[in-house]
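This report concerns only the one structure given below.
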Amino acid sequence: MNYENCDFVIFGAKGDLSQRKLIPALYKLDKKKILHKETKIIGVGRAEWSQEKFSKIIKQSLKKFLKENIKKTIWKIFKKRLSFCNLDVNDTKNFLKLKKKLNNNKIIINYFAIPSDSYTKICRGLFKFSLNLKNSRIVLEKPIGNSLKTSRKINKKIGKYFKESQIFRIDHYLGKDTIINLLYFRFANSIFYKYWNNKGIDHVQITIAENIGIEGRSKYFDNTGQMKDMVQNHMLQILSIITMNEPKKIDSNSIRQEKIKILKSLKYIKENEINKKTSIGQYSNGKINNIKVKSYKKEIVDKPNSNTETFVAIRADINNKTWNGVPFYLRTGKRLPKKCSKIVIVFKNTTAKIFKNLSKSMNNKLIIYLEPNEGICLKFINKVPDLNKKCILKKLKMNFTYSENFEKKTIPDPYEKLLLECIIGDQSLFVHIDEVEQSWKWIDNITKIWKKNSKISELYESGTWGPSKSKKIIERDGRKWI
Ligand code: BG6
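For the sequence shown, the residue numbers in the working numbering are 191 to 672.
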C-alpha cells in the first residue's frame with residue numbers, strides 16, 4: 191500500500207516521549223517501507239541544533255530505545271528525512287521559520303510532545319502562518335489539562351484554529367493490539383457476544399500494574415498523580431471499550447459515539463461512598479525483584495512532603511440497561527511487584543439447577559493479558575476423571591498466547607500503529623473531545639472528595655500490591671483481586 195507523503199513536525203523533539211517512543215516508531219515505519227520516500231521529520235525545540243547535531247542525537251536515542259540494532263541502510267534513508275527547527279513556541283512570529291521548512295501541499299502532522307499548557311500557543315503560531323489548513327493535523331498527548339475546567343479551556347482554544355476532524359488526541363493504550371482486538375473479540379465471537387452483559391457477567395477487574403517508579407519524571411508526575419496519569423485516560427478508555435454497545439459500523443464516528451455513551455453513564459461516586467469505593471496510596475521503601483527501592487518521597491527531588499498518589503483502586507458502576515448491577519474494579523499503581531496489564535471478566539455461576547451450589551471461586555473467567563505475554567486465558571470447569579462417580583470438579587485453563595500463535599514481531603508497537611493511523615487520517619483509535627470531557631467530569635468528582643480528606647491516602651510498601659484498603663474495596667463485595 192502507498193501511504194501519503196507527509197511532514198512530521200515534532201514539538202518537543204528533545205523530550206523523553208520523542209526520544210523514547212516517537213523516533214523509534216518512525217524508524218520502524220521506515221523500515222517497514224510505510225513512510226513515503228518524500229516524507230520529512232522536523233524536530234522543533236528551543237535548542238540551537240544544527241542538522242548534523244540533531245541527526246546525532248536521534249541516532250543516540252535510537253541506539254538507546256530501539257531495542258534492535260540500527261540497520262545501516264535504513265539509517266541512511268531515515269537520516270535524510272531529519273531536520274531541526276529552532277523555535278520558541280511563545281513567540282508566534284517564529285513560526286515563519288517552520289513554514290519555510292514545510293511543503294504546504296503535503297499532509298502536515300504536528301505532534302505536540304510537550305505539556306498541554308503550550309498547546310494553544312502552538313496552534314496560534316500554526317494559524318498565523320496558515321499551517322492549520324485542511325491538510326494539517328495535530329496530535330495531542332494526554333492528559334489534556336488537569337481538570338474538566340482546564341481541559342475545556344484548552345479544547346475550546348484549540349477548536350478556534352483546528353476542526354475536530356483535524357485533532358488526534360492520542361492515548362497509546364488505544365494503539366495496543368490487545369486493546370484493538372477487544373472490539374473484534376467481543377463482537378465476532380458469538381459465545382462471548384451473547385453473555386457480555388449483566389445477565390452473563392458477575393464483575394470485571396482491570397489492572398494496570400507497573401514495577402517502575404516515576405523514572406525521573408518527578409515534575410510531571412508530582413503535578414499529575416496516578417489518577418490523572420492513568421485512570422482519566424487509559425483505564426477509562428479500556429472500560430469504555432469493554433462495555434460499549436455494538437457500534438453501527440467499524441468506523442471512528444460509530445465507535446466513538448458508543449464509547450461516549452458509556453462514559454456518560456458512569457455513576458458518580460458520592461462523598462459517603464468514597465472510602466468504600468476508592469483507595470489511594472503512595473509507595474514507601476521496599477524491594478522489587480529483591481532489589482531495594484526508594485520511597486516516592488525520596489525520589490521526588492524538591493518536594494519531600496508530597497502527597498501525590500502513585501496507586502489508585504476504584505469500584506466503578508455503569509448506569510445502563512446492559513451493565514446495571516455489574517461492578518468494575520479498576521486498579522493501577524507504580525512500584526507494584528511486576529509489570530502486568532490485564533482485564534479479568536468473571537462470569538456468573540451456571541444457572542443449571544444441578545450445580546446451583548457451586549462455589550463462587552468456580553465461576554468461568556476470561557483473562558485478557560494486555561502486556562507482557564499478550565494472550566487470552568479461559569478458565570472453565572471440568573470433571574476429574576474417576577471410576578467411582580465421585581464427580582469432583584476442577585478449574586482448568588484454555589490458553590492462547592500471541593507468542594505461540596503469531597510471530598512476536600508482528601505485534602506492532604502502539605506508537606507505530608497510531609502514527610500510521612494519523613498518516614491515514616483515521617480517528618477511530620483517537621479520543622473524541624466529548625470522551626475527554628466526560629472522563630474529566632467523573633474523575634474531578636472523585637478528586638474533589640479526596641482533596642477534602644487528606645487522610646484518605648495510605649502508604650504501601652514498594653513491591654506489594656498496594657494499600658490494604660484496595661483489597662477491602664473488592665472483598666467487601668465478597669470478591670477477590672485476581
Ligand atoms: C503513560 C504514563 O501514559 O503510560 C506512564 O504517563 C506509564 O506513567 C505508562 O508508565 C505505561 O504505559 P505502558 O504501555 O508501559 O503500560
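Note that CB positions come from ideal geometry on N, CA and C, so glycine has one too.
Does the Cβ of residue i have 16 or more other Cβ atoms within 10 Å, making it buried, or fewer, making it exposed?
i	result
T591	exposed
G233	buried
C196	buried
F545	exposed
C581	exposed
R666	exposed
N322	buried
D392	buried
E594	exposed
E194	exposed
L577	exposed
F596	exposed
P214	buried
Q241	exposed
N563	exposed
R407	exposed
T600	exposed
G315	buried
K463	For the sequence presented, residue 463 should be read as Glu rather than Lys. Exposed, since its Cβ has fewer than 16 Cβ neighbours within 10 Å.
D419	buried
G668	exposed
P494	exposed
I663	buried
Y458	exposed
A542	exposed
P575	exposed
Residue i lies in the beta strand (DSSP E); which residues open and close that run?
i	result
D392	I391 to A399
Q472	T468 to I478
E561	K555 to E561
P517	P517 to G523
I504	F501 to D507
F570	G565 to K573
G235	K230 to G235
F590	L583 to T591
D197	C196 to F201
E354	Premise fails: E354 is in no beta strand (DSSP E) and is neither H nor E.
F285	F285 -> not in any beta strand (DSSP E); alpha helix (DSSP H) instead, spanning F285 to K291.
S647	S647 to S652
K460	Run containing K460: none; DSSP gives neither H nor E here.
Assuming residue i and residue j form a contact by the criterion Cβ under 8 Å, report the distance between their Cβ atoms to the nearest whole angstrom.
i	j	result
C530	A378	Contact flag wrong, Cβ pair sits at about 26 Å.
M417	T637	6 Å
K524	I639	The Cβ separation is near 22 Å, so there is no contact.
K573	L586	10 Å between Cβ atoms; not a contact.
N276	A237	7 Å
K343	G349	In fact, because the Cβ distance is near 11 Å, the residues do not count as touching under 8 Å.
N509	S455	5 Å
F674	N300	With the chain running from 191 to 672 in the structure shown, residue 674 is simply not present.
K221	K261	7 Å
N280	K311	6 Å
Q351	F317	According to the sequence shown, residue 351 is Tyr rather than Gln. Right, their Cβ atoms sit about 4 Å apart.
I231	L272	5 Å
I360	L608	6 Å
I535	L556	4 Å
I357	L330	7 Å
I504	T540	That pair is no contact at about 30 Å.
Since residue i is in the alpha helix (DSSP H), which residue starts that stretch and which ends it?
i	result
T637	I623 to K642
D220	I213 to K221
R359	R359 -> not in any alpha helix (DSSP H); beta strand (DSSP E) instead, spanning I357 to R359.
F545	Unbroken run through F545: none, as it is neither H nor E.
I264	K262 to R271
S306	First-last for S306: undefined, no H or E at that position.
K410	Here residue 410 turns out to be Tyr, not Lys, going by the sequence shown. That run of the alpha helix (DSSP H) goes S408 to Q416.
L372	D367 to A378
K253	Q241 to F255
K661	S658 to E665
Inter-stretch contact at 8 Å, needing at least 3 Cβ pairs: the region 657 to 672 / the region 480 to 489: no
The region 439 to 446 contacting the region 645 to 656, beta-carbon criterion three pairs below 8 Å: no
Is the region 276 to 293 touching the region 249 to 268 in the sense that three or more CB pairs, one from each, lie closer than 8 Å? The region 249 to 268 makes no contact with the region 276 to 293; the number of CB pairs closer than 8 Å stays below 3.
Is the number of C-beta pairs between the region 221 to 237 and the region 318 to 334 that are closer than 8 Å three or more? no
Per the contact definition of three or more C-beta pairs closer than 8 Å, is the region 622 to 635 in contact with the region 413 to 428? yes
Pair every Cβ in the region 548 to 556 with every Cβ in the region 510 to 529, then say whether three or more of these pairs are closer than 8 Å. no
Taking 8 Å as the cut-off, does the region 467 to 478 touch the region 486 to 500 (at least 3 CB pairs, one atom from each stretch)? Counting Cβ pairs under 8 Å, three or more are found: they touch.
For the 8 Å Cβ check, are there 3 or more pairs between the region 497 to 513 and the region 355 to 365? no
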